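Our numbering numbers the first residue of the sequence shown as 9 and each following residue consecutively.
Note that the Cβ used here is the ideal one computed from N, Cα and C, for glycine as well.
Note that this is a predicted model, so its numbers are computed, not measured.
So the structure is just underneath, and the comments pick up after that.
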Amino acid sequence: MWRTLQVLTAFFALLSAPGLSYTSQVAGASVEVLDRSGQPTAHITDGDRVRLRINLPAAVASPQTYTFKLDEPSASVGGCEIASGSTCETDPAPALGWYWDGGGIARVTRVVKAYDASGTLVAQSERLAVLPRPVVMVHGFLSSAATWADYLGPDGYLASIGIRGFAVGDGQAPGVMNTGVMADPTGTTNTIAQNAAIEGEYIAAVKKATGAQMVDLVVHSMG
């Protein structure tokens, strides 16, 4: 009898543990993450524009609403309603913050879960690979990409936390700004508009090279 009570106590403690759920999914239901072209994808970069879709095994008998949440933390990332039929999609939205959890811990994979209006888990996605947004650094007046040397390369700070780092003028993408040099402080520089155009072209090239739709910018002074 005592052994049975111990087992039951452990069972109910497990059910009530944070992050665990004893709700069940609907057989045959699924969640898909769609890329900006509307195709199912198994990998994204944090900040990419996505849509979420729930697929049910049969048409609903009455309108049903669904909320999509990440596995951890359990924050809502969208919702949709099936008025009739067996599927609905969210509006397009950036997947901002999907790579980091609330404690600043990198989450290299995610699972998106769909819940009905009563809070019951209905379906979930396959595990989704998530990359962090690349970081583009922009130097200021009388400076160059060398300003950011400690952050770049395989031994730089950004690489140590798993983030790809770029600096305008570093040669990883086309474009070198001219904001002057300390050795010739009265020398001719580009205009702000010219440097801004170069910066924009560099960022566009980084996006193309990495496949990211968004980058993080770190800028200094005139940058």
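Give me the residue from the options with the minimum Cα distance to residue i.
i: residue 206; options: 58, 183, 152 and 217; result: 183
i: residue 130; options: 72, 185, 154 and 178; result: 72
i: residue 127; options: 87, 105 and 195; result: 87
i: residue 133; options: 193, 124, 120 and 48; result: 120
So residue i is in the alpha helix (DSSP H); what residue range does that whole segment cover?
i: residue 166; result: 165-168
i: residue 203; result: 200-218
Looking at the unbroken beta strand (DSSP E) that takes in residue i, where does it start and where does it end?
i: residue 149; result: Taken as a continuous stretch (DSSP letters only), residue 149 belongs to no beta strand (DSSP E), as it is neither H nor E.
i: residue 175; result: 173-175
i: residue 95; result: 95-97
i: residue 132; result: 129-132
i: residue 122; result: 120-124
i: residue 226; result: 224-227
Could you pull the DSSP bridge partners for residue i from this structure?
i: residue 53; result: 139
i: residue 87; result: 75
i: residue 159; result: Answer is none; residue 159 lacks a bridge partner.
i: residue 62; result: 39 and 96
i: residue 108; result: 114
i: residue 192; result: 189
Take the Cβ of residue i as the centre, count every other Cβ of all protein chains shown within 10 Å, and call the residue buried at 16 or more, exposed below.
i: residue 61; result: buried
i: residue 84; result: exposed
i: residue 214; result: buried
i: residue 172; result: buried
i: residue 141; result: buried
i: residue 123; result: buried
Original post:
Does the segment 53-65 come close enough to the segment 204-221 that 3 or more CB-CB pairs lie under 8 Å?
Top reply: yes
Subject >> Given 8 Å, three or more beta-carbon pairs between the segment 145-164 and the segment 175-191 >> reply: yes
Subject >> Three CB pairs or more closer than 8 Å across the segment 86-102 and the segment 112-119 >> reply: Remark: fewer than three beta-carbon pairs, one from each stretch, lie closer than 8 Å, so the segment 86-102 and the segment 112-119 are not flagged as touching.
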